[in-house]
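There are 4 protein chains.
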Amino acid sequence: MTEPTPTRHPNPAGIQRVAVLTSGGDAPGMNAAIRAVVRTAAFEGLEVMGVRRGFSGLHRGELRLIGPRDMANTIQRGGTILLTARSATWRTPEGRASGAQHLRDNGVGGLIVIGGDGSFHGAKLLEQEHGIPVIGVPGTIDNDLYGTDHTIGYFTAVETALDAVDKLRDTGASHERIFVIEVMGRHAGHIALDVAVAGGAEEVFIPEDDKPIEDVIQIVKDSVKKGKMGSIVIVAEGVPGGAQGVGDAIQAGTGLETRVSILGHIQRGGTPVSSDRILASRLGEAAVYALMDGVSGVMVGRRGGDIIHTPLHETWEKRKDVNRDLYRCAMKLSV
Amino acid sequence: MTEPTPTRHPNPAGIQRVAVLTSGGDAPGMNAAIRAVVRTAAFEGLEVMGVRRGFSGLHRGELRLIGPRDMANTIQRGGTILLTARSATWRTPEGRASGAQHLRDNGVGGLIVIGGDGSFHGAKLLEQEHGIPVIGVPGTIDNDLYGTDHTIGYFTAVETALDAVDKLRDTGASHERIFVIEVMGRHAGHIALDVAVAGGAEEVFIPEDDKPIEDVIQIVKDSVKKGKMGSIVIVAEGVPGGAQGVGDAIQAGTGLETRVSILGHIQRGGTPVSSDRILASRLGEAAVYALMDGVSGVMVGRRGGDIIHTPLHETWEKRKDVNRDLYRCAMKLSV
Amino acid sequence: MTEPTPTRHPNPAGIQRVAVLTSGGDAPGMNAAIRAVVRTAAFEGLEVMGVRRGFSGLHRGELRLIGPRDMANTIQRGGTILLTARSATWRTPEGRASGAQHLRDNGVGGLIVIGGDGSFHGAKLLEQEHGIPVIGVPGTIDNDLYGTDHTIGYFTAVETALDAVDKLRDTGASHERIFVIEVMGRHAGHIALDVAVAGGAEEVFIPEDDKPIEDVIQIVKDSVKKGKMGSIVIVAEGVPGGAQGVGDAIQAGTGLETRVSILGHIQRGGTPVSSDRILASRLGEAAVYALMDGVSGVMVGRRGGDIIHTPLHETWEKRKDVNRDLYRCAMKLSV
Amino acid sequence: MTEPTPTRHPNPAGIQRVAVLTSGGDAPGMNAAIRAVVRTAAFEGLEVMGVRRGFSGLHRGELRLIGPRDMANTIQRGGTILLTARSATWRTPEGRASGAQHLRDNGVGGLIVIGGDGSFHGAKLLEQEHGIPVIGVPGTIDNDLYGTDHTIGYFTAVETALDAVDKLRDTGASHERIFVIEVMGRHAGHIALDVAVAGGAEEVFIPEDDKPIEDVIQIVKDSVKKGKMGSIVIVAEGVPGGAQGVGDAIQAGTGLETRVSILGHIQRGGTPVSSDRILASRLGEAAVYALMDGVSGVMVGRRGGDIIHTPLHETWEKRKDVNRDLYRCAMKLSV
């Protein structure tokens, strides 16, 4: 069998130049996505303008051309070389008008927004009000976006949290203590669930669920009776009371020494793992092709092995549930 | 919404005790799979016997009961606590008869084999000749098994290889050298392809492909002209000549300083990453349920988010192709 | 030159059996120290009893023989396989008498205590009241023990904290934010200082120092003026108000977005780095030899490349200052 | 106690501008050393010119000013941002004369060379022939330089090699195999010895030693008899025959399955560990101060906690022995 020959993509939209920005919280793999946009564009003979500081920079006109060589040695870096920021101005029609003007002045035929549903909302308004084609790329560690199996940054966040759980287990087992560990996930338990299964946790609390604390106290008590040395309980940050609330309740209910650890922002940073770099590479490529195909107002995502398009508004209107089979699996394996 | 209640699985096969072994090359996540077998069984009220040293230990009768507590602090460990070995004796009818006798003597109602297609072949013979139900669980870093998107150990191997590529890139860029890096994959380019995309490689050679070395020499030359500092070329071990052959050809063809690095066995070991632990947890659970359901002679696998069964013989008769879209993507992004 | 031949150590004290325990907070490398005690003893023809759960287990008689094979595959593990616990009973003469009796009943000629100065205090009382030879081995992540350049666990804790700082810097730089990061060190700034220099921090707060917050606010303001993207401030936990206090003051004083991250217990766990394993190996060996030489009531430590002995009481009476040259260096390099 | 106030260093040499280059093999922490030179100089009001591609770039005049902001986000990066190269031209008087002229034309009052003894030789010739003050900074992973306890990059190389050994041990133990692992060290066994102790190896071969292979074969046989699952043997690359030779001999002599793994270039790269960043920070600072003090022709090093100066010629004339106590320790602990 012979090597696949990458051929030029058709360009019915006649796009010559695209812009790309990162918005919202940073996520590992954003640089890999920017790189994929820049290099796919270069392969296809298009130019790319990088917008610094998200929509905040866009309405101030912080655009500049970036080429393939500018992306050397970035695929392995956390954060975003384009920077990111919140923008109150973008919520005003004037702010968006200013951004649209900058794009037009620079001959930009379409904007690629790497971020979460809040950022896609900002992109959608730009498209609606000014007719500028926009494409969303899911970049957020929480994995809480409808329209893609996984979001860029999610795999790395899980790995970082898991590494912390492995470390805490060493200490928990040595002291025969209970550790209640808070991972990210304001509205969704995806990270918590993965970390719980992979970390061999006794219990997991997620925002999607209303587990009675009494049951958990009983489980921890049973776990001690079974001779387990140290217990791990994972709590998503969006659970009411957070890890501190759960930890206090367990300590009060069991009388056992309980420690709380809130992993926090470390889950956002670091070298992206392979899965995030590969996902980012595929989606960055797909975003450029969507614009060339004349598509707008959608987020590119991956389902199974396929690239799919989802209307931007569905990303904030629809909800992606956690994996219920995995949830059940987690509970059995803590037996 | 409320928490899913894990309920007892029906047991039409009336199985009371299962055995589990690991066979072939070790892979990170095998312990997580053993743990999932043991704990799922415990949850369902079944007993588990661990067989040491694969089929070699089975025909010698190295079986012992293992319980949920024996699996404490194993989910994060590389290698296999049950050990693994090659067995010439198993290739004889007498060896398999002896193994079958040990299983019957211990009241084992089904055998779970964690390994690759060679190991599944040995399992299939046991089933055919002695009527013992067998289930395969795909545990091999190469990801070259038909019937599952991914095999246990694959994700960790990719991550280990990628970490090495990141390190070599530091040196390659500092010396403006070409690095030709050999990753595992005797018959398949899955690892090579993932590492190439995630590692930002200029080129990748896989066994599935017959890329002319002249083209690669040209690509490296072009890459230097474009001002790239240092180039990375990934070669799967199954490519004729291996990395050394490719490296020699590139050095001869370009006149540029070329270094060869063969990553070797480090790709087999280490703490499994979350994706391998989760996959192993799901498949270990599924293997127990398959036996309880009276199923035999299949490998459990995961496609998309679903657990699927594939007849064992298909795992060595059918071929899983590499991801062609990813391949094309790799070539564009090295522009 | 020929290989050094390890010869038998003289044993004027005529010791046949030693006991070893870990006490206080666990530290990475404790297992390597236990292993070194067990294997040095085996090399010299002595037996070793492991005491579980520190002094708490000692007064309850939780002793058992451990041999060289029991220590296989432990050198790389965090935590302590002998477990650790606090013991109120040990603070009573009765508790210690009970512990002494258990040691005598088991024919133990000397006790090796791996822990911090609190643990050494408990050991000293055992020696004074019951004449049992005791040797301390410095095992604590804080590095706050007089009589040794470094303590076992310190190097790993610094590495773990540094890895977190590297991750937070990705996010801090992407958002152009200030990150105030709290590292361990209740009474000492060793970890904070190393992390500050190695992490390229703008500022560092340690318990040994009374830096006015106004100066720091000015430094952060200057740093922003100089065009730095994101600032890192390191705070040792023993600083009044902790990272939260410092962070609030900086946010109030500069008006800049400031995030606080408290790294917490993750700094205790994890695979020990090479420096901790090597230090633990040397000190475990030295502890056995001290007992064989008839020495008691001292802590073994390393200064430069030499093994030294320090009377146990000096470990809590004398103070090890932080490295002032390094402190000055830190402040210059943040220019 | 109050914070130490960093005060300006006197500048009797009246130096206004220094140059810095990296030479020879790259080593993790070189960037931290460059950063320390640049920031110390900035703190003292001096300018710094960075020379690209070592002496090769110097004789071609590849110099440019670098300021403190250019060093942002470099302390954690492997490799060298100034690049490094071998230079045949520098071995000619004409090449050195050209380099000296470029330094004078740019008003450079002193040159800091980060590298090994070969690089220091090149620096010494520049000083002798052209009267330009030079200071050496020990940057090489091998740790084979007289005049400093450790060299920049050494700690990271040991950590990388140790991580590989931990991974191989997983596989070795699972298959009950012997692993012979080659680490870097062409003339010195420092890395090998540290890795052997920290990795719990059964045996270690270093260039400083002429251990008979028969003894090792006996040790491996004994080790198997004692019930050890898997053995690790560490070989420094400078040992005649290398790991392959040792592995072949062991396999032939014991009849046991033996695998050889040559770790190679991965030991050069990667994020530097804290010890390398701190050492680099101290030595970069010390190099600037040496030039300001009017010192030349020495290497700055660290012994114990002190900065020391060693005449450059001693770095290649004198030999640093490996730690013999550690060597003896290694052999006992493999009991």
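Residue numbers (our numbering), protein chains in the order written: chain A, 1 to 335; chain B, 1 to 335; chain C, 1 to 335; chain D, 1 to 335. Built from N, CA and C at the ideal position, the CB exists for glycine as well. Quick caveat, the model's predicted, so the values are computed rather than measured.
Around the beta carbon of B:E208, 16 or more other beta carbons sit within 10 angstroms, so the residue counts as buried.
Taken through DSSP and simplified to helix, strand or coil, A:T271 comes out as coil. In the structure shown, the three-state DSSP call for D:D306 is strand.
Among the residues of chain A, those whose CB is under 8 Å from the CB of C:T160 are K167, following chain order. Proximity of the stretch 283 to 290 of chain A to the stretch 15 to 33 of chain A meets the contact definition, three or more beta-carbon pairs being nearer than 8 Å.
The beta-carbon of C:A198 is placed less than 8 Å from the nearest beta-carbon of chain D. For C:H59, the closest Cβ of chain A is not nearer than 8 Å.
Annotated as distal: B:G189 and B:I213, with beta-carbon spacing of 8 Å or more. Identification of chain B residues near D:D170 by a Cβ-Cβ cut-off of 8 Å yields D26, P28, R77, G78, G79, R268, G269, G270, ordered along the chain. Distance from the CA atom of B:I219 to the CA atom of B:A36, rounded to whole angstroms, is 47 Å. Residue environment for A:R302: buried (at least 16 other C-beta atoms within 10 angstroms of its C-beta). The contact set of A:S119 on chain C, defined by CB atoms closer than 9 Å, is empty, because the minimum CB distance reaches about 14 Å.
Boundaries of the beta strand (DSSP E) around B:A236: 231 to 236. With a threshold of 16 other beta carbon atoms within 10 Å, D:R324 falls short and is exposed. Between the stretch 219 to 234 of chain D and the stretch 263 to 273 of chain D, the count of C-beta pairs closer than 8 Å stays below three; the two stretches do not touch. Taken through DSSP and simplified to helix, strand or coil, C:S98 comes out as helix. Under DSSP, B:T22 forms a beta bridge with B:I114.
Partner residues in the beta bridge of A:L63, as assigned by DSSP, are A:V51.
Chain A has no Cβ within less than 8 Å of the Cβ of B:I232. In this chain, the beta strand (DSSP E) harbouring D:V180 covers 178 to 183. Per the DSSP secondary-structure output, A:E129 pairs with nothing in a beta bridge. Contacts between C:G264 and chain A, judged by CB atoms closer than 8 Å, involve S261, I262 in chain order. Annotated as proximal: B:D170 and D:G269, with beta-carbon spacing under 8 Å.
Rounded to whole angstroms, C:A198 and C:Y154 show a C-alpha spacing of 14 Å.
Under the Cβ distance rule, C:T40 counts among the residues neighbouring chain D, one pair being separated by less than 8 Å. Partner residues in the beta bridge of A:V137, as assigned by DSSP, are A:I114. The beta-carbon separation of C:V224 and C:L256, rounded to 7 Å, stays under the 8 Å limit for a contact. Its chain contains E62, L82, L83 as the residues whose beta carbon lies nearer than 6 Å to that of B:R52, once the 5 sequence neighbours on both sides are disregarded; these appear in chain order.
Per the C-alpha coordinates, the member of D:R60, D:G79, D:A161, D:P12 positioned closest to D:I34 is D:G79. The alpha carbon of A:I152 has as its nearest neighbour, out of A:D105, A:V273, A:S174, the alpha carbon of A:V273. Contact of B:S223 with chain A is not assigned, every C-beta pair being separated by 8 Å or more. Of all residues in the stretch 274 to 305 of chain A, those with a C-beta nearer than 7 Å to a C-beta of chain B are S274, S275, R277, I278, S281, R282, E285, G304, G305, reading in chain order. Distances from the CA of D:R64 to each of D:G50, D:M229, D:D70, D:M71 were compared; the closest alpha carbon is that of D:G50. A contact is defined here as three or more CB-CB pairs under 8 Å, and the stretch 108 to 126 of chain B fails this definition with respect to the stretch 311 to 328 of chain A. Scanning B:A252, B:I191, B:K228, B:S281 for the CA closest to the CA of B:V239 turns up B:I191.
Looking at the DSSP output, D:G301 shares a beta bridge with D:I308.
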